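What follows is a set of notes on a single structure, which appears directly below.
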Amino acid sequence: LFKIVVIGDHFSGKSCILLRFSENAFRPDHVSTIGIDFKLRTIQLGRDRIRMELWDTAGMERYRTIYNSYYYYAHGVVIVYDITSRKSFTNVKDYWLNEVRSNAPPTAVLMLVGNKCDLTADRKVQFDEAERFASEMNVSLFEVSAKTGINIDDAFQELARFFLNVLKRSRAYVPRKVFAN
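Residues -17 to 163 (this note's numbering) make up the sequence shown, in order.
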């Protein structure tokens, strides 16, 4: 079981991304997360299964101080920004990365996710800019749409592949055998 904490500004679409990933659903009238919520999903990679526990955090500023304990034992952190909100991207640099550095285990893998890529006419954060930033930080970048499902599975499959590689390098990995009927 791999723990992934999903963080980012209020209204960046964290909950909608996780709803799309865990249930393949989208609710435009989604209610904001208060505190924390959980989703579970297992990804099949060949013969191996990677089980993820996804922690959906509230993005509102008043809840940010309660995050510290949520990072304990996190294997991954997904930082979400809204491509139609310059402020949400700026806050990744000015707030969220510092939050991760201060609280997440140093071994936690980071991923940057720009949500709402279906709203191209409203784009305020260019892909090239986000890509340069992700490259500087040495993290993966995905632009996704929780509404349409674009790249949602791809992003989490990349995390799952990373975790599988970690497992394969550890002594805890036991290859799964496939038995014929």
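The C-beta atom is built at its ideal place from N, Cα and C for all residues, glycine as well.
Source: prediction; values computed, not measured.
- Query: If you draw a straight line from the alpha carbon of Val59 to that of Lys(-15), how long is it in whole angstroms?
  - Reply: Position 77 of the sequence shown holds residue 59. Position 3 of the sequence shown holds residue -15. Linking Val59 to Lys(-15) through their CA atoms gives a straight-line distance of about 9 Å.
| message | Tell me whether the region 79 to 91 and the region -4 to 8 touch, counting them as touching only if at least three CB pairs, one residue from each stretch, are closer than 8 Å. | response | Result no; under three Cβ-Cβ pairs closer than 8 Å.
**Asked** Would you call the CB atoms of Thr66 and Arg31 closer than 8 Å?
**Response** Here residue 66 corresponds to residue number 84 of the sequence shown, with the count starting at 1. Here residue 31 corresponds to residue number 49 of the sequence shown, with the count starting at 1. Between Thr66 and Arg31, the C-beta gap is not smaller than 8 Å, which leaves the two residues out of contact.
- Message: For Arg68 and Leu92, what's the separation of their Cα atoms in angstroms?
- Response: Against the sequence shown, residue 68 aligns to sequence position 86. Against the sequence shown, residue 92 aligns to sequence position 110. The straight-line gap from Cα to Cα measures roughly 21 Å.
Exercise for review: Could you give the DSSP three-state label for Val199: helix, strand or coil?
Suggested key: This structure gives no information on residue 199, because the portion of the chain shown stretches from -17 to 163.
- With a Cβ-Cβ cutoff of 8 Å, do Asn97 and Val126 count as a contact? The sequence position of residue 97 within the sequence shown is 115, counting from 1. The sequence position of residue 126 within the sequence shown is 144, counting from 1. Cβ distance < 8 Å, so Asn97 and Val126 count as in contact.
Margin query: Quick check on DSSP: helix, strand or coil for Lys75?
Written below: For this step, residue 75 is matched to residue 93 along the sequence shown. Helix at Lys75.
Check: Would DSSP call Gly(-5) helix, strand or coil?
Finding: Within the sequence shown, residue -5 is the residue found at index 13, counting from 1. Coil.
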